[in-house]
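Engineer:
In mature numbering (1 follows the signal peptide of the UniProt record, and there is no 0), the protein residues as written are -20 to -1, 1 to 180.
#1: Quick one, which of 103, 130, 102 and 125 has its alpha-carbon nearest residue 112's?
#2: For residue 167, which of helix, strand or coil comes out of DSSP?
#3: Could you pull out every residue in the same chain whose Cβ sits closer than 6 Å to the Cβ of residue 103, ignoring the five residues on either side in sequence?
#4: Comparing alpha-carbon positions, which option in 143, 151 and 126 lies nearest residue 132?
#5: Take residue 33 as the anchor and find which of 115, 80, 123 and 157 has the nearest alpha-carbon.
#6: Taking residue 45 as the reference, give the member of 171, 180, 160 and 154 with the closest Cα.
#7: In three-state DSSP terms, what is residue 93?
#8: What does a CB cutoff of less than 6 Å around residue 51 pick up in its chain, not counting 5 residues either side in sequence?
#9: For the alpha helix (DSSP H) that contains residue 111, what are its first and last residues?
Here's what the structure looks like:
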């Protein structure tokens, strides 16, 4: 199965937050009464591809908003994601060149990166945010460590650590996903242009 992800000109920085979630710059300070060191790390999901229970072939437009020293930045991306019972695959290109490829088979996470790919690109976080958005609620809940929970309705998912809302995902319509990672401060608006199996 081949997978390609094309990124609009100048959007390489957006890969720091794509779908996922790469680690964006942290917010300016800790949440009230909770020091950064006291907060549990956001879990990295590694759910088997087969637990998705369906196949995905999606072409998507992704608008990424993330904090920077110059203020909030916005980038637009075109992406294609493929997943089935054996593999989850994601690739990213910039300037006509491959930035990174990700292939997860349930045992090994294989990543290839261009020498010029930013160090902040975190494939494990990309995979985790993909699964948080798309995988069945029951599979996600079973994988969360103690102290974490996933609240879910057909139109929304909320990842919480105790009383802290860490991430919120909304599905305002069949073609749109809105992902907000509150702890790290990045936001994704994902619009499916064509494909199969977009809704969880």
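Even for Gly, the Cβ is constructed at its ideal location relative to N, Cα and C.
Structural biologist: This is what the structure gives:
#1: Looking only at 103, 130, 102 and 125, the smallest Cα-Cα distance to residue 112 is reached by 130.
#2: DSSP places residue 167 in strand when its eight states are reduced to three.
#3: 82 and 91, listed in sequence order.
#4: Considering only alpha carbons, the answer is 151.
#5: Selected option, being the one with the closest Cα: 115.
#6: It is 160 whose Cα lies nearest to the Cα of residue 45.
#7: The answer is strand: DSSP assigns residue 93 an E or B state.
#8: Hits under 6 Å: none found.
#9: Looking at the DSSP string, the run of the alpha helix (DSSP H) that includes residue 111 is 103 to 114.
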